[in-house]
Amino acid sequence: MTSPQPAGTTRRIFIDKQSPKAYHALVQTSEAVRSVAADAGLDRVLVELVNLRVSQLNGCAYCLHLHTRAALRAGDTPQRLGVLAAWRETELFTPAERAALALAEATTAGADTAAQDTAWAAARDVLTEDQISAVIWVAVTINAFNRVSIMSRHPVRAE
1360 MTSPQPAGTT
1370 RRIFIDKQSP
1380 KAYHALVQTS
1390 EAVRSVAADA
1400 GLDRVLVELV
1410 NLRVSQLNGC
1420 AYCLHLHTRA
1430 ALRAGDTPQR
1440 LGVLAAWRET
1450 ELFTPAERAA
1460 LALAEATTAG
1470 ADTAAQDTAW
1480 AAARDVLTED
1490 QISAVIWVAV
1500 TINAFNRVSI
1510 MSRHPVRAE
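Counting in this note's numbering, the sequence shown runs from 1360 upward without gaps.
Spelled out as structure tokens, the structure:
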């Protein structure tokens, strides 16, 4: 199955449809990570904030669309979601959410060890080790889904 393409771009395949076994393994990983996050005491709003922030950093329109809806269903507000890209400049996020967002950014940036060290230190003040691990797994997993959607050019259709 091929995806609709903007004019003048190279036609792409939906890699999730082309290689369903690999995609199914990623979905299973995501389900396990969701369970780990819940077991660690992370609420769904925090998890969706991580999913959204990583998707913002990666420029994944499809995942931004999907996880904005999920965050709203989980109880987050349009105001908070609207300022998420500038979360450091607001007081709308809890200390745990701020620590999770910093960890998510450090996980996504990868090579910035100074940011990693700063994020770890801040996270240790407000999150348990299980929660820190779960946040990093959420970020790792959404990074993978972002790559699938970006490389497949999954479309976002008007509602």
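No residue lacks a Cβ here, since even glycine has one placed at the ideal position from N, Cα and C.
At which residues does the alpha helix (DSSP H) containing residue i begin and terminate?
i: V1515; result: Note, V1515: premise wrong, no alpha helix (DSSP H); not H, not E.
i: I1374; result: I1374 to Q1377
i: E1464; result: P1454 to A1468
i: R1447; result: Counting along the chain, R1447 falls outside any alpha helix (DSSP H), and DSSP gives it neither H nor E.
i: G1441; result: P1437 to G1441
i: A1522; result: A question about residue 1522 goes unanswered here, because the residues of the chain that appear run from 1360 up to 1518.
i: D1476; result: T1472 to V1485
i: T1427; result: A1420 to A1433
Looking at residue i: is its Cβ nearer than 8 angstroms to the Cβ of residue j?
i: L1425; j: W1446; result: no
i: L1423; j: E1464; result: no
i: Y1382; j: V1507; result: yes
i: S1378; j: N1505; result: no
i: T1427; j: L1440; result: yes
Examine the ligand NAD and report whether any of its heavy atoms sits within less than 7 angstroms of the Cβ of residue i.
i: T1449; result: Questions concerning the ligand NAD fall outside what the structure shown contains, since it holds no ligand whatsoever.
Roughly how far, in whole angstroms, is the beta-carbon of residue i from the beta-carbon of residue j, given that I think they are within contact range, below 8 angstroms?
i: V1404; j: I1501; result: So it is not a contact: roughly 15 angstroms between Cβ atoms.
i: A1458; j: A1481; result: 5 angstroms
i: L1462; j: A1498; result: 7 angstroms
i: A1396; j: A1493; result: 4 angstroms
i: R1412; j: L1443; result: 6 angstroms
Return the residue from the list the options that minimises the CA-CA distance to residue i.
i: A1517; options: I1374, A1420, Q1387 and A1381; result: A1420
i: T1487; options: G1400, K1376 and S1511; result: G1400
i: I1491; options: D1398, T1388 and K1380; result: D1398
i: D1489; options: L1385, V1392, V1386 and A1384; result: V1392
With a CB to CB cut of under 7 angstroms and the five nearest residues on each side skipped, what residues in its chain are close to residue i?
i: A1433; result: R1403, V1404 and E1407
i: V1485; result: P1454, A1455 and A1458
i: I1495; result: L1462 and T1466
For residue i, which residues from the same chain have a beta carbon less than 8 angstroms from its beta carbon, with the 5 sequence-adjacent residues on both sides left out?
i: T1361; result: Model confidence at T1361 stands at a pLDDT of 46, short of 50, so the residue's coordinates are unreliable; what they give is reported in the following sentence. The answer, listed in chain order, is R1370, R1371, I1372 and F1373.
i: S1394; result: none
i: M1510; result: R1371 and I1374
i: Q1438; result: L1451
i: T1477; result: A1461 and A1465
In its own chain, which residues sit with a C-beta less than 6 angstroms from the C-beta of residue i, not counting the 5 before and 5 after it?
i: D1435; result: V1404
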